[in-house]
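Student:
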Amino acid sequence: MKELLRSTDPVRLSHALHLLEAEGILAFELDQHMSVLEGSIGVLPRRIMVADRDEFMARAILRDAGLDE
0 MKELLRSTDP VRLSHALHLL EAEGILAFEL DQHMSVLEGS IGVLPRRIMV
50 ADRDEFMARA ILRDAGLDE
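If you're matching positions, the sequence shown starts at 0 in numbering that gives the first Met the number 0 and goes up one per residue.
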């Protein structure tokens with residue numbers, strides 16, 4: 000698994016996941032439940048992970064959408 004994106008913006012993360020899903024790339028959002036531990040203030044970033052074999056295509060999709068960092 001490779002980390003594709005790290006952000007505290009839930010809209011950006013949701014959009015990225017939707018774009019990847021639309022292209023058939025399986026992506027996982029990690030650390031989404033950490034907000035329970037931090038008090039739901041959005042300090043800890045969440046990560047989107049993809050399989051090693053999908054990293055190149057996933058990065059290209061996010062870059063085309065302007066979501067790359």
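We put the beta carbon where it would ideally sit given N, CA and C, even for glycine.
None of these values were measured; they are calculated from a predicted model.
#1: Which first and last residues belong to the beta strand (DSSP E) in which residue 29 is found?
#2: Starting from residue 54, follow the alpha helix (DSSP H) in both directions and report where the run begins and ends.
#3: Return the bridge partner residues of residue 46 from the DSSP annotation.
#4: In the structure shown, what three-state DSSP assignment does residue 66 receive?
#5: Leaving out five residues before and five after residue 5 in sequence, what residues of the same chain have Cβ atoms less than 7 Å from its Cβ?
#6: Report buried or exposed for residue 26, applying the criterion of at least 16 other Cβ atoms within 10 angstroms of its Cβ.
Tutor: According to the structure data:
#1: Looking at the DSSP string, the run of the beta strand (DSSP E) that includes residue 29 is 26-29.
#2: For residue 54, the enclosing alpha helix (DSSP H) stretches over residues 54-63.
#3: Residue pairing for residue 46: DSSP places it in a beta bridge opposite 5, 29.
#4: coil
#5: For residue 5, where only same-chain residues beyond five positions count, the Cβ hits under 7 Å are 44, 46.
#6: buried
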